[in-house]
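Structure first, then comments.
In the numbering used here, the protein residues as written are 2 to 235.
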């Protein structure tokens, strides 16, 4: 028994110190994730959530070390509630991850669709323009600026612009294919980050659940002890 008490005496402070160090380091790391802030930016929100999930093992280990080594009941109770809050916050990251990923996907597709529609409108109206005046009016309507001599024939400008539109359409097709590949990678990252969020949140809640029983048991013991004190005095 003496040997066991000696080991508890030496190891408890080590667990407590290691826990505080890990939590302090993880706090600094988490603060750096939010600097500079970019709320409402879906790319920043998704990256922020991914970084938090990647860094979750350090505060988890630090919290467990503190709960093992902490002897102060009030601090132990506070850490138990902190585990509950952390678990809820991690679970709340899941809808943010899905929402930000969806906005990233929709934003890329929407931009390509808008640019493609604009090119198609220019191409259609410019193709229908036959006279020099019609070509000039079409160029002015779309505010198109061409790096060409002022004396250049409008028909030549028309051919030049139509050729440029064809090249732009090819670029948009390549960009759309790249967006499809990016969407697959984004889906993989969403699954990976989402599962990590669920695991981290579940583990924090498990820690809270386990320590909450200890807190309740300790409070009941104190209550029974206080109720028995008058009987002892009698």
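Every residue, glycine too, gets a C-beta built ideally from N, C-alpha and C.
Checklist entry - With a Cβ-Cβ cutoff of 9 Å, do residue 208 and residue 84 count as a contact? => result yes
Next on the checklist: Quick check on DSSP: helix, strand or coil for residue 170?
Outcome noted: helix
Checklist entry - Looking at the C-beta of residue 39, does it have a partner C-beta in chain B at a distance below 9 Å? => result No chain B is present in this structure, which holds just one protein chain.
Checklist entry - Over what stretch of residues does the alpha helix (DSSP H) that includes residue 75 continue unbroken? => result 74-129
Checklist entry - If residue 95 and residue 199 are in contact, beta carbons under 8 Å, what's the gap, nearest whole angstrom? => result 7 Å
Checklist entry - Can you name the start and end residues of the alpha helix (DSSP H) that residue 137 belongs to? => result 133-142
Next on the checklist: Just to confirm before moving on: does the CB-CB distance between residue 1 and residue 89 stay below 9 Å?
Outcome noted: Summary: the structure shown does not reach residue 1, with the chain confined to residues 2 through 235, and so no result is reported for it.
Checklist entry - Touch check for the stretch 157-174 and the stretch 34-41: three-plus C-beta pairs under 8 Å? => result no
Checklist entry - Which of helix, strand or coil does DSSP assign to residue 35? => result coil
Checklist entry - In chain order, what residues of the same chain lie with their CB nearer than 6 Å to the CB of residue 52, ignoring the 5 residues before and after it? => result 34
Checklist entry - Are the stretch 210-219 and the stretch 101-116 touching by the rule of at least three beta carbon pairs closer than 8 Å? => result no
Checklist entry - Cβ atoms of residue 190 and residue 110: under 9 Å apart, would you say? => result no
Checklist entry - Just reading off the alpha helix (DSSP H) that residue 51 is part of, what are its end residues? => result 43-56
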